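Engineer: The structure follows.
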Amino acid sequence: MRIDVVDRTDDRSQSIDTQALERGLAMLLKPPSAFSLSAPPELADFRFRNAAQGEIGWQLEMTIAFVTERTSDDDPDRLRRAVGLSTDLRSLGEVDGLPRSIAVDTLKTEDVPRDSARITFLEAGVSEAVRRLSMAADLWRAPDADVVAALSGTDETRRGLAVVVAGQRRLKSAVLPLSSIVRGDADETTILQAVGALVSIGEPSAVGALIDAARQRSAPYLKQIIFAVGEIGGEEAEAYLFTVRNGHSDPAVRESAREALDEMLRRRASVGNPPEPLE
């Protein structure tokens, strides 16, 4: 089967062979006894039948956009082309060992001769999406120890996916490697995902890592960390929020710290025996 894809730069329609996508998803959803991909191209439905679980529906949404511009040397025969591929696979039912939603985003850029290798380049993006979907499914099935180990691995894609799984499982054993990611030089998206995972786990010992990550950050980034610190709570969180509320140079940051501190104290009071707040 083939999916028609529109190149939005000039409205020309292209086609890609989806066999690689079908093979990858067949492995992802194994063991299917029946598997099919159907149009329309923007929203394809995957169906497979499992004797134990009956028919499970999967919905795949794929968005592909081309961005083309001439290279800096003004060679009219070459283009710098970026291809963004966004893929979101969602289950319409419960499947043991798989998440209900897996999202993959890729962006590839290369210099190419004009009008050459358009389909090959697009198929490379689809193959990368399948690789990431399969990796996500493998991590979702993996034991906790393997997920924690992936947080310290060198594969950035696998590490980023492990961050999400560790947060969803609320693995206390993942606090140290997640804290290392937050303190490290990972990309901003991975750091914020690690912050979210630590909030889900809710371990007060992680607050120190969040405070370290907040240093030298821009105000929008800092405000996200401030609210994460407030969500986790604890004495260290209270002292930090109190300091930021009273001493930060940015009024918006001070206000965020005030809101986070007030909310933390309200939550604490709602469970009884509230401590004396800092003044």
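Each residue of the sequence shown is one higher than the one before, counting from 6 in our numbering.
The beta carbon of each residue, even a glycine, is placed where N, CA and C say it ideally should be.
Predicted, not measured: the structure shown is a model, and the values here were computed from it.
Taking residue 266 as the reference, give the member of 254, 140, 246 and 187 with the closest Cα.
Structural biologist: Closest by alpha carbon: 246.
Engineer: Applying the criterion that 16 or more other CB atoms from any shown protein chain within 10 Å of the CB defines a buried residue, is residue 161 buried or exposed?
Structural biologist: Residue 161 should be labelled exposed.
Engineer: How is residue 267 classed by DSSP in three states: helix, strand or coil?
Structural biologist: Looking at residue 267 - three-state DSSP - the assignment turns out to be helix.
Engineer: Could you tell me the alpha carbon to alpha carbon distance between residue 140 and residue 239, rounded to whole angstroms?
Structural biologist: The alpha-carbon atoms of residue 140 and residue 239 are separated by roughly 36 Å.
Engineer: Give every residue of the same chain whose Cβ lies closer than 6 Å to the Cβ of residue 216, excluding the five residues on either side of it in the sequence, and list them in chain order.
Structural biologist: Once the five neighbours on either side are set aside, the close Cβ partners of residue 216 are 245.
Engineer: What span of residues does the alpha helix (DSSP H) with residue 205 cover, start to end?
Structural biologist: Segment 193–206, the alpha helix (DSSP H) holding residue 205.
Engineer: Rounded to the nearest angstrom, what separates residue 165 and residue 270 at their Cα positions?
Structural biologist: One C-alpha to the other measures close to 32 Å.
Engineer: Taking the runs of the alpha helix (DSSP H) that are 4 residues or longer, which of them lie wholly in the region 168–194?
Structural biologist: You should have 180–188.
Engineer: Taking residue 261 and residue 228 to be in contact with their CB atoms under 8 Å, please state how far apart those CB atoms are, rounded to whole angstroms.
Structural biologist: 4 Å between Cβ atoms; contact.
Engineer: What residue from 198, 193 and 192 has the CA that sits closest to residue 183's CA?
Structural biologist: It is 198 whose Cα lies nearest to the Cα of residue 183.
Engineer: For the region 248–257 and the region 206–214, state whether three or more C-beta atom pairs, one from each stretch, are separated by less than 8 Å.
Structural biologist: Not touching, per the Cβ criterion.
Engineer: How is residue 210 classed by DSSP in three states: helix, strand or coil?
Structural biologist: Helix, per DSSP.
Engineer: Helix, strand or coil for residue 151? Go by DSSP, reduced to three states.
Structural biologist: The answer is helix: DSSP assigns residue 151 an H, G or I state.
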